[in-house]
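J.: Pasting a structure here, questions to come.
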Amino acid sequence: MPRVLLIEDDEAVREGLSLALTYQGHTVDAVRTGEEGLELLVSVTPDVVVLDLMLPGVDGFEVCRRIRASGDLPIIMLTARNDDIDVVAGLEAGADDYVAKPAQARVLEARIRAVLRRSSASVTAEFVAERHGDLTIDREGLVVTRFGKPVSLAPTELRLLLELSSSPGRVMSRQQLLSSVWDQGYLGDSRLVDACVQRLRSKIEDDPAAPVYVQTVRGFGYRFGPL
19 MPRVLLIEDD
29 EAVREGLSLA
39 LTYQGHTVDA
49 VRTGEEGLEL
59 LVSVTPDVVV
69 LDLMLPGVDG
79 FEVCRRIRAS
89 GDLPIIMLTA
99 RNDDIDVVAG
109 LEAGADDYVA
119 KPAQARVLEA
129 RIRAVLRRSS
139 ASVTAEFVAE
149 RHGDLTIDRE
159 GLVVTRFGKP
169 VSLAPTELRL
179 LLELSSSPGR
189 VMSRQQLLSS
199 VWDQGYLGDS
209 RLVDACVQRL
219 RSKIEDDPAA
229 PVYVQTVRGF
239 GYRFGPL
């Protein structure tokens, strides 16, 4: 069964979500602080991390950055407010998705299922490897290299790149990308796309401020180059 690491300092929220997720079939490791969560990751390998942003000591933003720096583990953040600053900062730190508090168990469960599908989904293509400028994309092996060296991408970043690169030059709206990359009929917002694009650019572009591969088409969305 999917294993969830829940990092939440509010005891009532932690116990409530732990019970609900356990009832839904997950194995749950629940801890109170970011330090405890990071320490547990040394000995435990969860399938997804559910992370509160406002933690004592090492806050959720820093925990998110450390987890993302060491691997591609899916991260869903809990934010006390549907606040632009908190949400964007969390996404830029490396989170794959977010749920605003008070978090309903059924909503969190739906987001967990979606992020796990994105992590495990296989992708097929007519050609195994594609060359796009300095990038090589192996769709069968799900490997991206740049100048011959592997590029470490989180699952959502990889799916975004695969989706955009499947039709070079084609403009895709944020809503199209939400539906195809995040989940069919996904009820998210465009900040998920924009933050993921920013993280992806930081890994595949020479100059993320002047992108060649993931280009912004103002008022419409994004397209993949080089053109």
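Sequence positions in the sequence shown follow this note's numbering and run 19 to 245. Note that the Cβ used here is the ideal one computed from N, Cα and C, for glycine as well.
1. How big is the Cα-Cα spacing for E57 and K221?
2. Give the C-beta separation of I25 and D70 to the nearest angstrom, bearing in mind that I take them to be a contact with Cβ-Cβ under 8 Å.
3. What separation, rounded to the nearest whole angstrom, lies between the Cα atoms of F242 and R157?
4. Contact defined as beta carbons within less than 8 Å: I believe G52 pairs with G78. What is the distance between those atoms, to the nearest angstrom?
5. Does the distance from the C-beta atom of I93 to that of G112 stay below 8 Å?
6. Do the CB positions of E181 and L195 come within less than 8 Å of each other?
7. Excluding five sequence neighbours on each side, which residues of the same chain lie with their C-beta closer than 6 Å to the C-beta of E127?
8. Please tell me whether V106 and V117 are closer than 8 Å, where the distance is taken between their beta carbons.
9. Let me check one thing: in DSSP terms, what residues is A118 bridge-paired to?
10. Using only CA atoms, which one of D152, P120, A147 and G151 lies nearest to V161?
11. State the Cα-Cα distance for the pair V62 and V235, rounded to the nearest angstrom.
12. Could you give the C-beta distance for L210 and L109, rounded to a whole number, given that I count them as a contact under 8 Å?
13. Looking only at DSSP bridge pairs, what is T294 linked to?
14. On the CB-based measure, 16 or more other CB atoms within 10 Å of its CB, does R177 come out buried or exposed?
15. In three-state DSSP terms, what is Q233?
16. Cα separation between L153 and F165?
17. Is P74 buried or exposed, if buried means 16 or more other CB atoms sit within 10 Å of its CB?
18. If you follow the alpha helix (DSSP H) that T45 is in, where does it begin and where does it stop?
19. Spatial neighbours of V20 within its chain, please: C-beta separation below 8 Å, excluding the five flanking residues on both sides.
20. Is A227 buried or exposed, if buried means 16 or more other CB atoms sit within 10 Å of its CB?
21. Please report how far the alpha carbon of L23 lies from the alpha carbon of E54, in whole angstroms.
22. Need the endpoints of the alpha helix (DSSP H) that L24 sits in, please.
T.: On the basis of the coordinates in this document:
1. Locating residue 57 in the sequence shown gives position 39, where the first residue counts as 1. Locating residue 221 in the sequence shown gives position 203, where the first residue counts as 1. Using only the alpha carbons, I get a separation of about 27 Å.
2. Here residue 25 refers to the residue found at position 7 when the sequence shown is read from its first residue. Here residue 70 refers to the residue found at position 52 when the sequence shown is read from its first residue. With a Cβ gap of about 6 Å, I25 and D70 count as contacting.
3. The count along the sequence shown starts at 1 and reaches residue 242 at position 224. The count along the sequence shown starts at 1 and reaches residue 157 at position 139. Going by C-alpha positions, F242 is about 16 Å away from R157.
4. Sequence index remark: in the sequence shown, residue 52 carries index 34 (1-based). Sequence index remark: in the sequence shown, residue 78 carries index 60 (1-based). The pair is a contact, with the Cβ atoms about 7 Å apart (cut-off 8 Å).
5. Counting from one through the sequence shown, the residue named residue 93 turns up at place 75. Counting from one through the sequence shown, the residue named residue 112 turns up at place 94. Yes. Within cutoff.
6. On the sequence shown, residue 181 is found 163 positions in, with the first residue counted as 1. On the sequence shown, residue 195 is found 177 positions in, with the first residue counted as 1. In this structure, L195 lies closer than 8 Å to E181 by Cβ.
7. Residue mapping note: residue 127 aligns to position 109 of the sequence shown, counting from 1. Once the five neighbours on either side are set aside, the close Cβ partners of E127 are Q42.
8. Along the sequence shown, one-based indexing puts residue 106 at 88. Along the sequence shown, one-based indexing puts residue 117 at 99. Taking 8 Å as the Cβ cut-off, V106 and V117 do not qualify as a contacting pair.
9. Along the sequence shown, read from residue 1 onward, the residue named residue 118 stands at position 100. For A118, the beta-bridge partners assigned by DSSP are T97.
10. Locating residue 161 in the sequence shown gives position 143, counting from the first residue. Checking every option, the nearest Cα to that of V161 belongs to A147.
11. By one-based count along the sequence shown, residue 62 stands at place 44. By one-based count along the sequence shown, residue 235 stands at place 217. Taking the straight line from one Cα to the other gives about 42 Å.
12. What you label residue 210 is simply residue 192 of the sequence shown in a count that begins at 1. What you label residue 109 is simply residue 91 of the sequence shown in a count that begins at 1. At roughly 6 Å, the Cβ-Cβ gap stays under 8 Å, so L210 and L109 are in contact.
13. Residue 294 lies beyond the residue range present for the chain, which begins at 19 and ends at 245; the question has no answer from this structure.
14. Working through the sequence shown from its first residue, we reach residue 177 at position 159. Classification of R177: buried, given that the 10 Å Cβ count is 16 or more.
15. To locate residue 233, count along the sequence shown from 1; it is residue 215. In this structure, Q233 counts as strand in the three-state DSSP scheme.
16. Here residue 153 corresponds to residue number 135 of the sequence shown, with the count starting at 1. Here residue 165 corresponds to residue number 147 of the sequence shown, with the count starting at 1. Taking the straight line from one Cα to the other gives about 7 Å.
17. On the sequence shown, residue 74 is found 56 positions in, with the first residue counted as 1. By the 10 Å Cβ count, P74 comes out exposed.
18. What you label residue 45 is simply residue 27 of the sequence shown in a count that begins at 1. Under the DSSP assignment, T45 falls outside any alpha helix (DSSP H), being part of the beta strand (DSSP E) whose first and last residues are T45 to V49.
19. Translated into positions along the sequence shown, residue 20 becomes position 2. The question names Val, yet the displayed sequence has Pro at residue 20. Its chain contains G43, H44, T45, D65, V66, I130 and L134 as the residues whose beta carbon lies nearer than 8 Å to that of P20, once the 5 sequence neighbours on both sides are disregarded; these appear in chain order.
20. Here residue 227 corresponds to residue number 209 of the sequence shown, with the count starting at 1. With fewer than 16 other Cβ atoms within 10 Å, it is exposed.
21. As a first step, residue 23 is located in the sequence shown; it is residue number 5 there, counting from the start. As a first step, residue 54 is located in the sequence shown; it is residue number 36 there, counting from the start. The straight-line gap from Cα to Cα measures roughly 11 Å.
22. Numbered from its first residue, the sequence shown carries residue 24 at position 6. Where L24 is concerned, there is no enclosing alpha helix (DSSP H), although the beta strand (DSSP E) around it starts and stops at R21 to I25.
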